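Here the structure is laid out as structure tokens; the discussion comes afterwards.
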Amino acid sequence: MIEILTPTEVDRARDTGALVGDILQTLRRRTTVGTSLLDIDAWARELIAEAGAQSCYVDYAPSFGRGPFGHHVCTAVNDAVLHGMPRDQALADGDLLTLDLAVSLDGVAADAATSFLVGEARPPESVALIEATERALEAAVAAVVPGARVGDVSHAIGQVLTGAGYRVNTEFGGHGIGSSMHQDPHVANIGRPGRGFRLRPGLLLALEPWVMADTDELVVDPDGWTLRSATGCRTAHSEHTIAVTEDGAEILTLPRAA
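Letter by letter, the sequence shown follows residues 1 to 258 in full-length UniProt numbering.
Following this line, the structure appears as structure tokens:
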């Protein structure tokens, strides 16, 4: 299903998106060397409840997972990149952590992810991974212009990622979002321009470039959820929910506080 939101629904999506951005910013600020992934999940649960919102993950049970997910935020460390299930793991200096959060507020969902390094260590390969996904996300947003198609967005992402020397996995990518977390259209992280669904005002998209340092192959943890690089290399993932407007794209999941 491809859902086109009304202006009133887009207004509600702005509130949901800002909440997602605020919570991710708070979680990132609180996370230090020694923080447990379970602590991050508990903080997310509290912040979502305080806002009167609902987690999109707790009851999430798609065909590819061993559901329901049962947690409030995805926590992927180092070689984990998607659907990282929180566990009793303390973070170390230099760990590359991705937090992926989706919530619903007043009937509209928003989804965002951020990758960052914990502590003071800054491994160059990890910095490059994160920066590549951030540049790819910027390119994706810039490609959302009047008359654009999904393939134009996918192409913009792929040009950045492959240009940085990374291979692109096409099993998981961006997606439509609205009254539910995952909707059509699928937004692959590589594609051909001029192809696919023509973007329309009122369409919400979760754009999420992610990449692995030296492979495009994934393996699944015994938990049935956490997806890791097949080679054990590090990974990164950046995501925003955007609204398609008459003029281009509006990023909805930026934090309100500086």
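Virtual Cβ for every residue (Gly too), placed ideally from N, Cα, C.
Since the structure is predicted, the reported quantities are computational estimates derived from the model, not experimental observations.
Drop a sphere of 10 angstroms on the beta-carbon of Arg29, count the other beta-carbons inside from all chains shown, and report buried for 16 or more, exposed for fewer.
-> If you number the sequence shown from 1, residue 29 lands on position 29. Exposed, by the Cβ-count rule.
Integer-rounded CB distance, given that Leu252 should sit under 8 Å from Ala13 | As a position in the sequence shown, residue 13 is number 13, starting the count at 1. As a position in the sequence shown, residue 252 is number 252, starting the count at 1. So it is a contact: roughly 6 Å between Cβ atoms.
Could you check which residue in Glu134, Glu120 and Cys74 has the C-alpha nearest to that of Leu207?
-> Position 207 of the sequence shown holds residue 207. Checking every option, the nearest Cα to that of Leu207 belongs to Glu134.
Select from Val20, Ile190 and Arg234 the residue whose C-alpha is nearest the C-alpha of residue 334.
-> Because residue 334 is not part of the residues shown, which for the chain are 1 to 258, the question remains open.
Determine the extent of the alpha helix (DSSP H) in which Val160 is found, giving its start and end residues.
-> Working through the sequence shown from its first residue, we reach residue 160 at position 160. Unbroken alpha helix (DSSP H) run through Val160: Val150 to Gly163.
CB contact flag (Thr6, Leu105, <7 Å) = Walking along the sequence shown from the start, residue 6 turns up at place 6. Walking along the sequence shown from the start, residue 105 turns up at place 105. Not in contact: Thr6 and Leu105 (Cβ atoms no closer than 7 Å).
Find the nearest neighbour of Leu96 within the set Pro201, Ala76 and Ala112, judged by alpha-carbon distance.
-> Your numbering for residue 96 matches position 96 in the sequence shown. The shortest C-alpha separation from Leu96 is found at Ala76.
At least 3 beta-carbon pairs within less than 8 Å: the segment 77-90 vs the segment 223-235 = yes
From Gly147, Gly176, Val145 and Glu138, pick the residue whose C-alpha is nearest to that of Gly158; which is it?
-> Position 158 of the sequence shown, counted from the start, is the residue given in the question as residue 158. Cα-wise, what sits closest to Gly158 is Glu138.
How big is the Cα-Cα spacing for Ser229 and Asp111?
-> As a first step, residue 229 must be located in the sequence shown, where it is residue number 229. As a first step, residue 111 must be located in the sequence shown, where it is residue number 111. Cα to Cα, Ser229 sits roughly 22 Å from Asp111.
Proximity to Ala49 [Cα-Cα], best of Asp59, Thr35 and His72 | Against the sequence shown, residue 49 aligns to sequence position 49. Among Asp59, Thr35 and His72, the Cα nearest to that of Ala49 is on His72.
Quick one: using the 10 Å Cβ neighbour count with 16 as the cut-off for buried, is Met212 buried or exposed?
-> Within the sequence shown, numbered from 1, the residue matching residue 212 stands at position 212. That one is buried.
Beta strand (DSSP E) runs wholly inside the segment 71-119, at least 3 long, in chain order = 74-77, 80-82, 96-105 and 108-117
Residues of its chain near Glu171, where Cβ-Cβ distance is below 8 Å and the 5 sequence neighbours each way are ignored | Residue numbering aside, residue 171 sits at position 171 when the sequence shown is read from its first letter. Cβ within range, chain order: Leu218.
Taking only the alpha-carbon atoms, compute the straight-line gap between Ile130 and Val144 and give it to the nearest angstrom.
-> Your numbering for residue 130 matches position 130 in the sequence shown. Your numbering for residue 144 matches position 144 in the sequence shown. Spanning the two alpha carbons is a distance of roughly 22 Å.
Spatial neighbours of Asp93 in its chain, beta-carbon cut-off 7 Å, leaving aside the 5 residues before and after | In the sequence shown, the residue the question calls residue 93 occupies position 93. Same-chain partners within the cutoff: Val33, Val118, Gly119, Glu120 and Ala121.
Three-way DSSP call (helix, strand, coil) for Leu129 in this model | In the sequence shown, residue 129 corresponds to position 129, counting from 1. Residue state, collapsed to three classes: helix.
Secondary structure at Val145, three-state DSSP: helix, strand or coil?
-> If you number the sequence shown from 1, residue 145 lands on position 145. Note: Val145 maps to coil in three-state DSSP.
Pull up the distance between the alpha-carbon of Tyr57 and that of Ala44, whole angstroms please.
-> As a position in the sequence shown, residue 57 is number 57, starting the count at 1. As a position in the sequence shown, residue 44 is number 44, starting the count at 1. Taking the straight line from one Cα to the other gives about 11 Å.
Same chain, Cβ closer than 8 Å to Arg200, five either side skipped, listed in chain order | Here residue 200 refers to the residue found at position 200 of the sequence shown. Ile4 and Val244, listed in sequence order.
Short check: CB of Val160 to CB of Ala128, under 7 Å?
-> Here residue 160 corresponds to residue number 160 of the sequence shown, with the count starting at 1. Here residue 128 corresponds to residue number 128 of the sequence shown, with the count starting at 1. No, the pair does not count as a contact, with Cβ atoms beyond the cut-off.
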